[in-house]
Amino acid sequence: MPGPDAPIIRCEDVDVDEVLSGILAWVSIETPSRRPDQIAKLLDHAETDLADLPISRRRIPGRDGLGGHLVLTYDPASQGGPHALAMGHVDTVWDVGTLAARPIRTEDGKVYGPGIYDMKAGSYLAYWAIRELARRRITPPRPVTVLLNSDEEIGSPTSRSLIEEMGDAAAFVLVPEPAIGDGVAAVTSRKGWGRFTLKVQGLAAHAGANHEDGRSAIREIARQILELEAMTDYAAGTTVNVGVVAGGTLLNVVPADACIEIDLRVRDPSSAEDAVAAILGRKPHDPDVTLTVEGGINRPPFRRDAGVVRLYEAAAELAEKLGFALPEAARGGVSDGNFTAARGHPTLDGLGCGGAGAHAVSEHITLASIAPRAALMAGMMGSGRFQKHALGETK
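If you're matching positions, the sequence shown starts at -11 in our numbering and goes up one per residue.
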């Protein structure tokens, strides 16, 4: 067994071929968010690989046409109390059939495959780590829990309450979303995310015969777009993006209907409150049209507070002992870590493999990042020294 100041699993102890084989088995099961049958196949496979290990398994059935979720717990000393929680999603943005068109391949130290970077590799690392602790009969300082949810890519509509409930019971939260950049950085803050739909109801008329009788919904929506996007303030960290525009019927008809979808990113809760009020409070320029806005904040801002800093510093110290650096990064994109961080629970994100190309055809992980990230995850779950430092109990 390692000494009290040594990592519980070193990088050289990680069987990279075995870990990669597990990752690719998950990638080979295509799991778009709205295919509960495919989600079930992956979760069944995950449970099968835990046979004969002292890891409890709880399956949460899917609902609303979506897949289920899987909760794994390793508590060999029956300690109870606040747990070390790692959580990752198993759904991807890729439809079934993508693998046939774009098979898994390895090239120049990179492994390509749909969903491998975002985030099956990272979710598998959390799964591997809890399984490895059980295999090696390592007793962690507190219970270890891994949550695998299946709807993150569509906003976590059925798992948010579960995430918040489990986060409330956790001492700290680890999120193996993709690591960032060439430095393979962890994530210590994320912007909050809001999404809105704005609709305009105007009045149709013939574009030639009686244009003056019409009330153009598209004309109104165009003015709204310009004003909404003018809310963007890069210095404050606020962006407003109109990403979808729809409206009208025929070329020779004054358009009676138009609709836009709005993406909001904000750095802090105060900015979120102000921006939401400004978007929901939109008024029409043309008094003869009707304007309606729906939506709100889907994920609150993930702030780099004292608890996050302490958790990150403990992880960076552990990484140094494992022989590599762990830089940090801030992100405009969101994750399920936003939910737990916003509720005040120390959360460290971006703990998955290095790579690039999330949601892109170039999506890949780097082979060189597998062993360091696997050893780091196992150490954060199972090392008493790490957890005392992370929770401010000792330096």
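Even glycine gets a Cβ: it sits at the ideal position worked out from N, Cα and C.
Check, Outcome
"Within 7 Å, strictly: CB atoms of Gly343 and Phe290", "no"
"Close Cβ partners of Ser44 (< 6 Å) along its chain, the five nearest in sequence each way excluded", "Thr61"
"Pick from Tyr115, Ala266, Ala205 that is closest to Pro275, judged by C-alpha positions", "Ala205"
"Where Val161 falls, given that 16 or more other Cβ within 10 Å makes a residue buried", "buried"
"Residues near Asn388 in its chain [Cβ-Cβ closer than 7 Å; skip 5 each side]", "Lying before the first or after the last residue shown, residue 388 is absent from the chain, which here runs from -11 to 383."
"Nearest-angstrom Cα separation, counted from Lys271 out to Ala114", "48 Å"
"Coarse secondary structure for Val15, derived from DSSP in three states", "helix"
"Candidates Gly380, Ala362, Ala356: closest to Asp96 by CA position", "Ala356"
"Arg253 and Gly320 closer than 7 Å at C-beta", "yes"
"Glu0 versus Ala363 - alpha carbon distance", "9 Å"
"CB contact flag (Thr146, Arg51, <7 Å)", "yes"
"Per-residue burial, His57 [other beta carbons within 10 Å of its own, 16 or more giving buried]", "buried"
"Within 7 Å, strictly: CB atoms of Gly384 and Gly110", "The first residue shown for the chain is -11 and the last is 383, placing residue 384 beyond what the model contains."
"Per-residue DSSP class, three states only, for Tyr300", "helix"
"Buried versus exposed call for Gly370 [16 or more other C-beta atoms within 10 Å across all chains shown]", "buried"
"Coarse secondary structure for Ile206, derived from DSSP in three states", "helix"
"Three-state secondary structure assigned by DSSP to Asn198", "coil"
"Helix, strand or coil at Leu186 according to DSSP, with G and I counted as helix", "strand"
"Selected residue, minimal CA-CA separation from Ile(-4), among Gln212, Leu306, Ile27, Ser9", "Leu306"
"Cα-Cα separation between Thr19 and Ser138, rounded to whole angstroms", "8 Å"
"Endpoints, the beta strand (DSSP E) within which Asp245 is located", "245 to 254"
"Complete runs of the alpha helix (DSSP H) confined to the region 109 to 168 [at least 4 residues]", "109 to 123, 148 to 156"
"Nearest-angstrom Cβ-Cβ length linking Val277 and Gln189, presumed shorter than 8 Å", "6 Å"
"Which listed residue (Arg207, Met365, Ala39) has its alpha carbon closest to that of Lys187", "Arg207"
"Buried/exposed call for Glu6, threshold 16 Cβ in 10 Å", "exposed"
"Nearest neighbour of His199, chosen from Thr86, Tyr222, Asn240 [CA to CA]", "Asn240"
"First through last residue of the alpha helix (DSSP H) which encompasses Arg373", "372 to 378"
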